[in-house]
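J.: Let me give you the structure first, and then I'll get to my questions.
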Amino acid sequence: MPASSVTLRRLGIAGVCLVSLALCCGLAWWQWERFSSASGTFQNLGYVLQWPLFGLFPAFMFWRIRKLRRRAAEADAQETVAETAVPEVPAPRQRRAPAPPPPEDDELAAYNRYLRELNARDK
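For the sequence shown, the working numbering assigns the number 16 to the initial residue and increments by one for each residue that follows.
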């Protein structure tokens, strides 16, 4: 992408963010006037607090998308470096003999005998 189109794109996004912020601050002011009037409610006050957040949202999304793209580019660069590097051969693992089974306690042995007897009766 040419540098001029990137600059124009960034200026366009910045313009949209500023227009959004200005518009939403105007709406917040309008809700403040409604809240201050005789018929104003606390719902209007809630909108006073929400509208500026709505206005900042496009700028936040632009920042977040740039951050995620930068992180993805760094990960791609690390993957290409990792692909070109010679992998290290790990040392062979030592084989271990399997551990002996734990000794069976008397209650468990009696229960297992009981189950074998029941199984034999069913057959």
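We treat Cβ as the ideally placed atom computed from N, Cα and C, and that holds for glycine.
Just verifying my parser: in three-state terms, what is the DSSP assignment at Arg-49?
T.: As a first step, residue 49 must be located in the sequence shown, where it is residue number 34. It is helical.
J.: Can you check whether the CB of Phe-50 is closer than 8 Å to the CB of Leu-60?
T.: On the sequence shown, position 45 is the one that residue 60 refers to. On the sequence shown, position 35 is the one that residue 50 refers to. Taking 8 Å as the Cβ cut-off, Leu-60 and Phe-50 qualify as a contacting pair.
J.: Classify Val-104 as helix, strand or coil using the three-state DSSP reduction.
T.: The residue you call residue 104 lines up with position 89 of the sequence shown. Note: Val-104 maps to coil in three-state DSSP.
J.: Measuring only the C-alpha atoms, how far is Gly-30 from Thr-99?
T.: Position 15 of the sequence shown, counting from 1, holds the residue named residue 30. Position 84 of the sequence shown, counting from 1, holds the residue named residue 99. Spanning the two alpha carbons is a distance of roughly 42 Å.
J.: Would you identify the three-state DSSP class for Glu-119, choosing helix, strand or coil?
T.: Within the sequence shown, numbered from 1, the residue matching residue 119 stands at position 104. Glu-119: coil per DSSP, three-state reduction.
J.: With H, G and I counted as helix, E and B as strand and the rest as coil, what does DSSP make of Thr-95?
T.: Along the sequence shown, one-based indexing puts residue 95 at 80. Thr-95: helix per DSSP, three-state reduction.
J.: Express the C-alpha separation of Tyr-129 and Ala-135 in angstroms, rounding to a whole number.
T.: Looking up residue 135 in the sequence shown gives position 120. Looking up residue 129 in the sequence shown gives position 114. Between Ala-135 and Tyr-129, the C-alpha separation is close to 10 Å.
J.: What distance in whole Å lies between the Cβ atoms of Pro-67 and Cys-40, which are believed to be in contact at a cut-off of 8 Å?
T.: If you number the sequence shown from 1, residue 40 lands on position 25. If you number the sequence shown from 1, residue 67 lands on position 52. About 6 Å; that satisfies the 8 Å criterion.
J.: Thinking Trp-47 and Val-63 are a contact (beta carbons under 8 Å), I'd like their distance in whole angstroms, please.
T.: Position 32 of the sequence shown holds residue 47. Position 48 of the sequence shown holds residue 63. About 5 Å; that satisfies the 8 Å criterion.
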